[in-house]
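Residue numbers (our numbering), protein chains in the order written: chain P, 50 to 343; chain B, 50 to 343.
All C-beta atoms, glycine included, are put in the ideal place defined by N, C-alpha and C.
2 protein chains.
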Amino acid sequence: MSMALFDRVALIGIGLIGSSLARVLRRDSPDTVIVACARRAETLEAVRRLGIADETTDDPAAAVAGADLVVLATPLSAYAEIGRRIAPALREGAIVTDVGSVKGAAIRDLLPLMPFHAHFVPGHPVAGTEHSGPDSGFAELFRDRWCILTPLPQTSPEAVAKVTALWEGAGMRVVTMAADHHDKVLAVTSHLPHLIAYTIVGTATDLGHDLQSEVVAFSAGGFRDFTRIAASDPVMWRDIFLSNREAVLELLQRFSEDLTALQRAIRRGEGDTLEQRFAQTRAIRRSIIEAKQA
Amino acid sequence: MSMALFDRVALIGIGLIGSSLARVLRRDSPDTVIVACARRAETLEAVRRLGIADETTDDPAAAVAGADLVVLATPLSAYAEIGRRIAPALREGAIVTDVGSVKGAAIRDLLPLMPFHAHFVPGHPVAGTEHSGPDSGFAELFRDRWCILTPLPQTSPEAVAKVTALWEGAGMRVVTMAADHHDKVLAVTSHLPHLIAYTIVGTATDLGHDLQSEVVAFSAGGFRDFTRIAASDPVMWRDIFLSNREAVLELLQRFSEDLTALQRAIRRGEGDTLEQRFAQTRAIRRSIIEAKQA
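Given below as structure tokens:
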């Protein structure tokens, strides 16, 4: 019997997150057979060149055959179709997990398709960079970051424990919470920031070519941080906003009100209002530094 | 005759920028006498402890006496009062420059006060961190960043050349442009990003204590970049928004329209609109990386 946590792992989607996990498994669990599945031939070619999988295929059903762990790491909009294709091929006791940023949608699209003999453990390793594709992955991506699992009441505790061990092995701190709570928290910490960053970079882009070269040159004043965030994968983010629509729209409404209040203070020259508001936000930065997430 | 560019430099305001410049002068120009001026006794005490000035005073007029270079590095709202106090004490041929983020306001507040025998060269080294105070400075802060000078038509070219040499010596690339153009460019690259960051961090702070600890824990998803920007000095930023009101409000209007368009696309489930918009913003990130400002 192998000492590995999983004997055969199917990674459906092998971009930044999938390929980083493959690198972790390669490093820590050499006996585990890694199957990489991607739609595009050039992605699979990159995986072979990188040597981060034992087998490659563009067929999700073939990928999951015999696997004791299946990890979905594609954009959210692909989940339903992949779920339909893998469900009949899942082996007895297989654990299916995912890495998607919206857990309500993941559960909605996948859970009804899962056979009784498989275990679905919705998950979200909160880690990333603005780069995408298998070349951009690295094993240390997950180190000291949080992974959120959102199991359902009926989810097998043993399956949750094994997925927890997987991410802890990658260096993550693992917590569990309800899916809808996850989606609200991530709307604040990730989804709204990305939407704002995409917007502000878009606004700057629209200013016209002349100003644009200067915007690039003088971006060190704050703008470049937004451009980094706004360089994230467009399809992944399209899916996130469509999948977490309600929480994002609710938060966006609050944000717009707050922005309007600051806009009004600037227009009316209310310096005290501005200073007080700006001083408040320093405190939350200190909390993040203390929590070692900076 | 000294080889130093300036024999006696008065730094009025000795926070992040002022103290970083002091460190550059200490390193590269040991013959230059550095006078640090600050309002608060503890700031001057820190300067003495750090050993980055030869003399310290809380009197701007005393600080500039005999100085061939005066650098204003305080919040913008202090300029008019400092200008009134230093004007009678400026020596023949003294160069006065500043590091403020809004050049129109700097010129408006200082130029009318300058005596005919002094030269005012408005300047803006575009560099910074979210930290403030003399302890946060470092000589390499300016390395490979841009410095924008906004001289007036009547400004002495020799004075502009000497201020250019100062910042080039600190490792900066120096350009000149009109003050109002500077203020428009910086509204995009720096002022709007800071306002947005302050707003989003404020919105998150208002969500209540329970959610807040989770927001801190899971901030790696994008939010923490905003908290870093929103940790910048509140008084400095209050002054920037009040001083560059028109350009900021004009840009804020465009930003709000763009955000509303994305909000509408999310609400209506228009994935193509989102994806196209998100793909566009990747291009500007590539430009910044190519311009080595990332």
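So which residues of chain B does P:Y247 contact, with C-beta pairs closer than 8 Å?
The residue labelled residue 247 of chain P in the question sits at position 198 within the first sequence. Per Cβ cutoff of 8 Å: L311, R326, F327 and T330.
Within 10 angstroms of the Cβ of B:Q312, are there 16 or more other Cβ atoms? Answer buried if so, exposed if not.
For this step, residue 312 of chain B is matched to residue 263 along the second sequence. With 16 or more other Cβ atoms from the protein chains shown falling within 10 Å of its own Cβ, B:Q312 counts as buried.
Does any C-beta atom of chain P lie closer than 8 Å to the C-beta of B:F169?
Here residue 169 of chain B refers to the residue found at position 120 when the second sequence is read from its first residue. No, B:F169 does not count as interfacial toward chain P.
Do B:R72 and B:F187 come within 8 Å of each other at the CB atom, strictly closer than that value?
Position 138 of the second sequence holds residue 187 of chain B. Position 23 of the second sequence holds residue 72 of chain B. B:R72 is positioned such that its CB atom lies closer than 8 Å to that of B:F187.
Helix, strand or coil for P:V58, going by three-state DSSP, please let me know.
In the first sequence, residue 58 of chain P corresponds to position 9, counting from 1. Residue state, collapsed to three classes: strand.
Out of curiosity, what's the CA-to-CA distance linking P:E179 and B:L93?
One-based indexing of the first sequence puts residue 179 of chain P at position 130. One-based indexing of the second sequence puts residue 93 of chain B at position 44. Rounded to whole angstroms, P:E179 to B:L93 spans 42 Å at the Cα level.
Roughly how many whole angstroms lie between the Cα atoms of P:L60 and P:I135?
Start at 1 with the first residue of the first sequence, and residue 60 of chain P comes out as number 11. Start at 1 with the first residue of the first sequence, and residue 135 of chain P comes out as number 86. Using only the alpha carbons, I get a separation of about 12 Å.
If we ignore side chains and look at the alpha-carbon of each, how far apart do P:K233 and P:F272 end up?
Here residue 233 of chain P refers to the residue found at position 184 of the first sequence. Here residue 272 of chain P refers to the residue found at position 223 of the first sequence. Cα-Cα distance, rounded: 26 Å.
Start and end of the alpha helix (DSSP H) containing B:E130?
The sequence position of residue 130 of chain B within the second sequence is 81, counting from 1. It spans Y128 to I135 - the alpha helix (DSSP H) in which B:E130 sits, taken as one unbroken run.
Quick one: is B:R334 buried, meaning 16 or more other Cβ sit within 10 Å of its Cβ, or exposed?
If you number the second sequence from 1, residue 334 of chain B lands on position 285. B:R334 is classed as buried because its beta carbon has at least 16 other beta carbons within 10 Å across all chains shown.
Alpha carbons only, please: which of P:L139, P:G62 and P:V82 is nearest the one belonging to P:F55?
Residue 55 of chain P sits at position 6 when you count from the first residue of the first sequence. When only C-alpha atoms are compared, the closest one is P:V82.
Of the choices P:L65, P:G62, P:G64 and P:R75, whose alpha-carbon is the least far from that of P:L215?
Here the question's residue 215 of chain P lines up with position 166 in the first sequence. Minimum Cα distance to P:L215 is reached at P:R75.
Starting from B:A85 and walking both ways along the beta strand (DSSP E), at which residues does that stretch end?
For this step, residue 85 of chain B is matched to residue 36 along the second sequence. Looking at the DSSP string, the run of the beta strand (DSSP E) that includes B:A85 is V82 to C86.
Check distances from the C-beta atoms of the region 250-275 of chain P to those of chain B and list, in chain order, the residues that come in under 7 Å.
Cβ contacts with chain B come from V250, G251, T252, A253, T254, L256, L260, E263, V264, V265, A266, F267, S268, A269, G270, G271, F272, R273, D274 and F275.
If I follow the unbroken alpha helix (DSSP H) through P:R89, where does it start and stop?
Reading the first sequence from its first residue, position 40 is the one you call residue 89 of chain P. First-last for P:R89: undefined, no H or E at that position.
When you check each C-beta in the region 231-242 of chain B against every C-beta of chain P, which residues fall closer than 7 Å?
V234, L235, V237, T238, S239, L241 and P242
Would you say P:L65 and P:G182 are within 8 Å of each other, going by their C-beta atoms?
On the first sequence, position 16 is the one that residue 65 of chain P refers to. On the first sequence, position 133 is the one that residue 182 of chain P refers to. Yes, the pair counts as a contact, with Cβ atoms nearer than the cut-off.
Around the C-beta of B:R97, are 16 or more other C-beta atoms found within 10 angstroms, so that it is buried, or is it exposed?
Counting from one through the second sequence, the residue named residue 97 of chain B turns up at place 48. Result: exposed.
Indicate the three-state DSSP secondary structure (helix, strand or coil) for B:D193 in the structure shown.
Mapped onto the second sequence, residue 193 of chain B falls at position 144. Residue state, collapsed to three classes: coil.
Please classify B:E141 as buried or exposed, where buried requires at least 16 other C-beta atoms within 10 Å of its C-beta.
In the second sequence, residue 141 of chain B corresponds to position 92, counting from 1. Exposed, by the Cβ-count rule.
What does P:V284 reach in chain B if we use C-beta pairs closer than 7 Å?
Against the first sequence, residue 284 of chain P aligns to sequence position 235. Those are E324, listed as they occur along chain B.
Start and end of the beta strand (DSSP E) containing P:R222?
Residue numbering aside, residue 222 of chain P sits at position 173 when the first sequence is read from its first letter. R222 to T225 is the extent of the beta strand (DSSP E) around P:R222.
So with Cβ pairs under 8 Å, would you call P:S51 a contact of chain B?
Residue mapping note: residue 51 of chain P aligns to position 2 of the first sequence, counting from 1. The pLDDT assigned to P:S51 is 48, lower than 50, so where the model puts this residue is not dependable, and the model offers no usable value.
Taking the alpha helix (DSSP H) that P:P174 falls in, what are its first and last residues?
The count along the first sequence starts at 1 and reaches residue 174 of chain P at position 125. First-last for P:P174: G172 to P174, but that is the beta strand (DSSP E), not the alpha helix (DSSP H).
Should the region 223-233 of chain B be called in touch with the region 255-266 of chain B, which here means at least 3 C-beta pairs below 8 Å?
no
Taking just the CA atoms, how far does B:L298 sit from P:I156?
The residue given as residue 156 of chain P occupies position 107 in the first sequence. The residue given as residue 298 of chain B occupies position 249 in the second sequence. The alpha-carbon atoms of P:I156 and B:L298 are separated by roughly 43 Å.
Going along chain B, which residues have a C-beta under 7 Å from P:A279?
Taking the first residue of the first sequence as 1, we reach residue 279 of chain P at position 230. In chain order: T330 and R334.
Would you tell me roughly how many angstroms separate the C-alpha atoms of P:I289 and B:T248, rounded to the nearest one?
Along the first sequence, one-based indexing puts residue 289 of chain P at 240. Along the second sequence, one-based indexing puts residue 248 of chain B at 199. Going by the C-alpha atoms only, they are around 22 Å apart.
Going residue by residue through the region 282-331 of chain B, where are the continuous alpha helix (DSSP H) segments of at least 4 residues, counting only ones entirely within it?
283-292 and 294-316
In chain B, which residues lie less than 9 Å from P:W195 when you measure between Cβ atoms?
Residue numbering aside, residue 195 of chain P sits at position 146 when the first sequence is read from its first letter. Against P:W195, the close residues of chain B are A266, F267 and A269, in the order they occur along the chain (beta-carbon pairs closer than 9 Å).
Does the beta carbon of B:V297 sit closer than 8 Å to a beta carbon anywhere in chain P?
Here residue 297 of chain B refers to the residue found at position 248 of the second sequence. It does: the Cβ of B:V297 has a partner Cβ on chain P nearer than 8 Å.
Within 10 angstroms of its Cβ, does P:T146 collect 16 or more other Cβ (buried), or is it exposed?
On the first sequence, residue 146 of chain P is found 97 positions in, with the first residue counted as 1. A buried status is given to P:T146, since no fewer than 16 other beta-carbon atoms sit within 10 Å of its beta-carbon.
Could you confirm whether any beta carbon from chain B is found closer than 8 Å to the beta carbon of P:R287?
Taking the first residue of the first sequence as 1, we reach residue 287 of chain P at position 238. With its beta carbon less than 8 Å from one in chain B, P:R287 belongs to the interface.
Tell me whether B:E324 is buried or exposed, calling it buried when 16 or more other Cβ atoms sit within 10 Å of its Cβ.
Counting from one through the second sequence, the residue named residue 324 of chain B turns up at place 275. The residue in question, B:E324, is buried, as its Cβ has 16 or more Cβ neighbours within 10 Å.
Who are the neighbours of P:F290 on chain B, taking C-beta pairs under 7 Å?
Locating residue 290 of chain P in the first sequence gives position 241, counting from the first residue. Neighbours of P:F290 on chain B, chain order: I315 and L323.
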